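Residue numbers (the numbering used here): 5 to 115. Ideal Cβ placement from N, Cα and C applies to all residues, glycine included. These numbers were taken from a predicted model, which means no experiment stands behind them. Worksheet for the structure shown next.
The following block contains the structure:
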């Protein structure tokens, strides 16, 4: 989601077709982290979380915050992941979102 947002931000809005505008608007509203953090998290999830690239991207797009939410994904993937590994995955996801929250200025938080 973050990469889509970055790609579409270089196109002037008045030059976008309707689908591109909808997609740009959606990606602005729903991307959870910036594109650099998203790439880092995907790489870490693949290497340390034993997930595929597709599974990692799905998690970064949604950013589940609990083991229960993570289990909902693994159930959909028909994959059993032990609790210790889910904890590791959760810590990777939460670490980047916490970094971004801390990096926000007070004016960012108010708006």
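Cβ neighbours of residue i in the same chain (closer than 7 Å, five flanking residues each side left out)
| i | result |
| --- | --- |
| residue 89 | 53 and 54 |
| residue 92 | 52 and 53 |
| residue 57 | 46 and 50 |
Contacting residues, own chain, Cβ-Cβ under 6 Å from residue i (five flanking each side not counted)
| i | result |
| --- | --- |
| residue 60 | 46, 49 and 50 |
| residue 65 | 5 |
| residue 42 | 6 and 64 |
Three-state class that DSSP yields for residue i in the structure shown
| i | result |
| --- | --- |
| residue 23 | helix |
| residue 45 | helix |
| residue 75 | helix |
| residue 51 | helix |
| residue 87 | helix |
| residue 35 | coil |
Contacts around residue i, its chain only, beta-carbon distance under 8 Å, and the 5 residues preceding and following it disregarded
| i | result |
| --- | --- |
| residue 87 | 71 |
| residue 9 | 28, 31, 32, 35 and 39 |
| residue 13 | 28 |
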